[in-house]
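Data first, discussion second: the structure below is written as structure tokens.
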Amino acid sequence: MAFLNRTILEDRGAGMSEATAGDFFALLKPRVMSLVVFTAFVGMVAAPVAVNPFIALTAILSIAIGAGASGALNMWYDADIDALMRRTASRPVPAGRVKPGEALAFGLVLSVLSVMALGFLVDWLAASLLAFTIFFYAVIYTMWLKRWTPQNIVIGGAAGAFPPVIGWAAATGSVTLEPVILFLIIFLWTPPHFWALALFKADEYGRAGIPMMPNVAGAASTRRQIFAYSVVVAIVGLLPWWLDYAGAPYGAVAAVLGAGFVWYAWKVLRMADGDREMRPAKLLFAYSLLYLFAIFAVYLADTVAERAFGLPGV
Numbered sequence: 019m020a021f022l023n024r025t026i027l028e029d030r031g032a033g034m035s036e037a038t039a040g041d042f043f044a045l046l047k048p049r050v051m052s053l054v055v056f057t058a059f060v061g062m063v064a065a066p067v068a069v070n071p072f073i074a075l076t077a078i079l080s081i082a083i084g085a086g087a088s089g090a091l092n093m094w095y096d097a098d099i100d101a102l103m104r105r106t107a108s109r110p111v112p113a114g115r116v117k118p119g120e121a122l123a124f125g126l127v128l129s130v131l132s133v134m135a136l137g138f139l140v141d142w143l144a145a146s147l148l149a150f151t152i153f154f155y156a157v158i159y160t161m162w163l164k165r166w167t168p169q170n171i172v173i174g175g176a177a178g179a180f181p182p183v184i185g186w187a188a189a190t191g192s193v194t195l196e197p198v199i200l201f202l203i204i205f206l207w208t209p210p211h212f213w214a215l216a217l218f219k220a221d222e223y224g225r226a227g228i229p230m231m232p233n234v235a236g237a238a239s240t241r242r243q244i245f246a247y248s249v250v251v252a253i254v255g256l257l258p259w260w261l262d263y264a265g266a267p268y269g270a271v272a273a274v275l276g277a278g279f280v281w282y283a284w285k286v287l288r289m290a291d292g293d294r295e296m297r298p299a300k301l302l303f304a305y306s307l308l309y310l311f312a313i314f315a316v317y318l319a320d321t322v323a324e325r326a327f328g329l330p331g332v
């Protein structure tokens, strides 16, 4: 609340900024939004119903806008620490191109618009899940967990894991075990993905006062936890095949992708404490992005192939 009051006072009498449309688009965190939209789309297509194209488009746009709203609210609140980190200092708010009050208003308007559109035009369960996701990311994670506990990513990862569940709910009006498994894949993927980043950005996180795992528990403990989570991710990635939600081809690809995840995590585990280049951590971070996209892409292809051609997978 104090930050909100300060934002309002700072913006009063300061005039409107000269932000461009590109600056406001950057507030939406488009790279994160693209992954949200893709996983939500996979959840929707995987649902065992035929979805009206208008409903599907409305749902995906609403989810995209909701994800963008979360990003804008995150950038508004985190402007102080973003200014202290090299990788975030050029964001629109800390760079001064967008005023804090504008980012806040932009995020709030988009939040309401996305939830109302999804509720009135598609399904209220899906809208409720979207509203909870925005609240969880903007308030629970950004305003509380991120600055309070090294488990911020573990708990906060739930926000990024909800899109396939929302997509499924938009299609069916319900939630079953299958989208929950998709949720678990993203949820368990998040810690090793972000802790790999935190290993080679530890100095920046420390300067900003964010209690990321390497800064609190040390690099060695972080590497061990990365490896443990990576093994679990590889196993959970096979659950759709084990539970007969996907065919053997999906299982084979998921096994290979999971083995790659564990291999890169093993390289991180074996890193020397004095390794300043952090190449294994950087490789794991890059591979983790490939893993998540690939496993959802294969799951999508498996679903489409089964329905289009009556095949058990691609």
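When the count follows this note's numbering, it moves up by one through the sequence shown with no breaks and lands on 332 for the last residue.
Every residue, glycine too, gets a C-beta built ideally from N, C-alpha and C.
Same chain only: Cβ atoms within 6 Å of residue i, ignoring 5 sequence neighbours per side
i, result
"Phe-212", "Ile-171"
"Leu-91", "Gly-125, Ala-156"
"Leu-148", "Gly-84, Val-133, Leu-136, Ile-184"
"Met-289", "Pro-298"
"Val-286", "Arg-241, Ile-244, Pro-298, Ala-299, Leu-302"
"Tyr-282", "Leu-301, Leu-302, Tyr-305"
Selected residue, minimal CA-CA separation from residue i, among the options
i, options, result
"Leu-136", "Ala-188, Phe-279, Phe-180", "Ala-188"
"Pro-110", "Ser-132, Phe-42, Ser-80, Gly-119", "Phe-42"
"Trp-284", "Arg-49, Gln-243, Asn-70", "Gln-243"
"Ile-253", "Gly-174, Ala-273, Arg-115, Met-51", "Ala-273"
"Asn-233", "Ala-323, Val-60, Gln-169", "Gln-169"
"Trp-142", "Ala-238, Arg-325, Ala-113, Ile-81", "Ile-81"
"Ala-246", "Pro-229, Val-280, Lys-164", "Val-280"
"Pro-229", "Thr-167, Leu-128, Ala-101", "Thr-167"
"Asp-262", "Leu-195, Arg-105, Thr-151, Ser-248", "Leu-195"
"Pro-112", "Ala-123, Ala-97, Trp-162, Leu-128", "Ala-97"
"Lys-164", "Tyr-95, Pro-181, Ala-123", "Tyr-95"
"Ala-39", "Met-231, Val-116, Thr-208", "Val-116"
Chain-order list of residues whose beta-carbon lies under 7 Å from that of residue i (same chain, five-residue window excluded)
i, result
"Val-193", "Val-183, Trp-186, Ala-187"
"Leu-215", "Phe-303"
"Arg-49", "none"
"Ala-145", "Val-133, Leu-136, Gly-137"
"Phe-205", "Gly-175, Ala-176, Ala-179"
As assigned by DSSP and simplified to three states, the class of residue i
i, result
"Ala-68", "coil"
"Asp-98", "helix"
"Gly-31", "Because the pLDDT at Gly-31 is just 39, under 50, the model does not fix this residue reliably, and the value given afterwards should be weighed accordingly. Coil."
"Arg-297", "helix"
"Tyr-263", "coil"
"Ile-204", "helix"
"Glu-120", "helix"
"Asp-41", "helix"
"Gly-61", "helix"
"Glu-196", "helix"
"Ile-244", "helix"
"Ala-113", "coil"
"Arg-49", "helix"
Cutoff 8 Å; reference residue i; Cβ partners in own chain excluding five residues on either side
i, result
"Met-103", "Lys-219, Glu-222, Tyr-223, Arg-225, Ala-226"
"Phe-311", "Leu-53, Phe-56"
"Tyr-317", "Val-60, Ala-64, Leu-200, Pro-258, Ala-264, Tyr-268"
Classification of residue i by the beta-carbon crowding that lies within 10 angstroms, buried from 16 upward
i, result
"Pro-258", "buried"
"Arg-294", "exposed"
"Thr-160", "buried"
"Phe-314", "buried"
"Phe-72", "exposed"
"Ser-306", "buried"
"Ser-239", "exposed"
"Leu-75", "exposed"
"Ser-108", "exposed"
"Leu-275", "buried"
"Arg-325", "exposed"
"Gly-86", "buried"
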